[in-house]
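**Student:**
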Amino acid sequence: MSTKEQLKQRMLAAPVIKKQTLKPIEDRTDKQSSIQQLEMYSNAGKSTNRLLFEIISCLKAQTQPIGYQEIIRLTTIDLENNAELLERVRNNERIIFNPQNETFEYQATYQVRSKQDLLELLRKNQGIQALDVKELKESYSGVMQFIEELVNENHILMMKNKDGSPRVIYLNDKSLGIYMSSEFKDSWHQMHIAPDIDFARELQKAGLKAAVLEQEQVVKGQKKQKSKRRSRIKVTNTHLDVDLTKDVVVNP
């Protein structure tokens, strides 16, 4: 037998492996089952409060309302089939639920989606109140970038906390800016202010005394003694019917 015939026989004797192809899932029941399995494995052990926090964080990052499927895609949380969590989300005062479209949206204190929105909001609150940076962060995740740009452009003023983190921001009203010459600024900074001890010395030279507020000191341990009230007790002998508190006069 030739080599060619031997190779042909080996090929015929080899097992035939059928090629398998993956078909897309068309049945909604199968899709729902796959979603529930994904949600079960990815969110196993998480409390309802934790899942609620993740959904709120997801809604904060959105610029428009989203539905159940988008929430699953972004968080792997099947909100539609979690009755307890769905009730918590709908009852949250910061979340707006649209029953017609079945969408959810986070309602922050301020509606800021761009740098121009932030500037308009500052103009509306000019002279009324400052804007809390913490509340601004809840409106849009990228608001800090807008704040940094506006500060660098000298459009807003910022007050910081002791740790250096932003606290509140104001609109920089440039109409209040007054031009000052460099000569005036130099004179102002070179002006010498005498320390407090010099003021006291000058008062003494002028024959004056500094006003001192003396605080009354209360001596510890001294308590105002209350006068004891002596009550007269009427003692009688019930057997003799005699008042012993009175002088008894015996008739001779």
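Taking my numbering, the leading residue of the sequence shown gets 2, the next gets one more, and so forth. The beta-carbon is built from N, C-alpha and C at its ideal position, and this holds for glycine as well.
Do you know how far the Cα of ASP118 is from the Cα of GLU71?
**Tutor:** Stepping through the sequence shown from its first residue, residue 71 is reached at position 70. Stepping through the sequence shown from its first residue, residue 118 is reached at position 117. Near 26 Å, if we compare the C-alpha coordinates of ASP118 and GLU71.
**Student:** Leaving out five residues before and five after LEU60 in sequence, what residues of the same chain have Cβ atoms less than 8 Å from its Cβ?
**Tutor:** In the sequence shown, counting from the first residue as 1, residue 60 sits at position 59. Only ILE67, ILE96, PHE105, GLU106 and TYR107 meet the Cβ criterion.
**Student:** Is LEU151 near the ligand FMN, judged by its Cβ being under 7 Å from some heavy atom?
**Tutor:** By its list of ligands, the structure shown contains no ligand whatsoever, and the ligand FMN lies outside what it can speak to.
**Student:** Counting C-beta neighbours from all protein chains within 10 Å, is the total for ILE78 16 or more, i.e. buried, or is it exposed?
**Tutor:** Position 77 of the sequence shown, counted from the start, is the residue given in the question as residue 78. The residue in question, ILE78, is buried, as its Cβ has 16 or more Cβ neighbours within 10 Å.
**Student:** Whole angstroms are fine: how far does the CA of LYS161 sit from the CA of PRO167?
**Tutor:** For the purposes of this step, residue 167 is identified with residue 166 of the sequence shown, where counting begins at 1. For the purposes of this step, residue 161 is identified with residue 160 of the sequence shown, where counting begins at 1. Cα to Cα, the separation comes out at about 4 Å.
**Student:** Would ALA109 and SER140 qualify as a contact pair, given that the criterion is a beta-carbon distance under 8 Å?
**Tutor:** Taking the sequence shown and counting its residues from 1, the one referred to as residue 109 is at position 108. Taking the sequence shown and counting its residues from 1, the one referred to as residue 140 is at position 139. Going by C-beta atoms, ALA109 is nearer than 8 Å to SER140.
**Student:** Bridge partners of PRO167, per DSSP?
**Tutor:** To locate residue 167, count along the sequence shown from 1; it is residue 166. Beta-bridge pairing links PRO167 to LYS161.
**Student:** Considering only residues of the same chain and omitting the five flanking positions on each side of SER142, which have a CB-CB separation below 8 Å?
**Tutor:** For the purposes of this step, residue 142 is taken as the residue at position 141 of the sequence shown. Around SER142: LYS61 and ALA62.
**Student:** How far does the alpha helix (DSSP H) with ILE72 in it reach, from first residue to last?
**Tutor:** Here residue 72 corresponds to residue number 71 of the sequence shown, with the count starting at 1. Looking at the DSSP string, the run of the alpha helix (DSSP H) that includes ILE72 is 69 to 76.
**Student:** If the criterion is Cβ atoms closer than 8 Å, does the pair GLU103 and THR76 meet it?
**Tutor:** Translated into the one-based positions of the sequence shown, residue 103 becomes position 102. Translated into the one-based positions of the sequence shown, residue 76 becomes position 75. Not a contact, by the Cβ cut-off of 8 Å.
**Student:** Just verifying my parser: in three-state terms, what is the DSSP assignment at ASN99?
**Tutor:** The sequence position of residue 99 within the sequence shown is 98, counting from 1. Correct three-state label for ASN99: strand.
**Student:** Using alpha carbons as the reference points, say which of TYR180, LEU8 and ILE157 lies closest to ASN126.
**Tutor:** What you label residue 126 is simply residue 125 of the sequence shown in a count that begins at 1. Answer by Cα proximity: ILE157.
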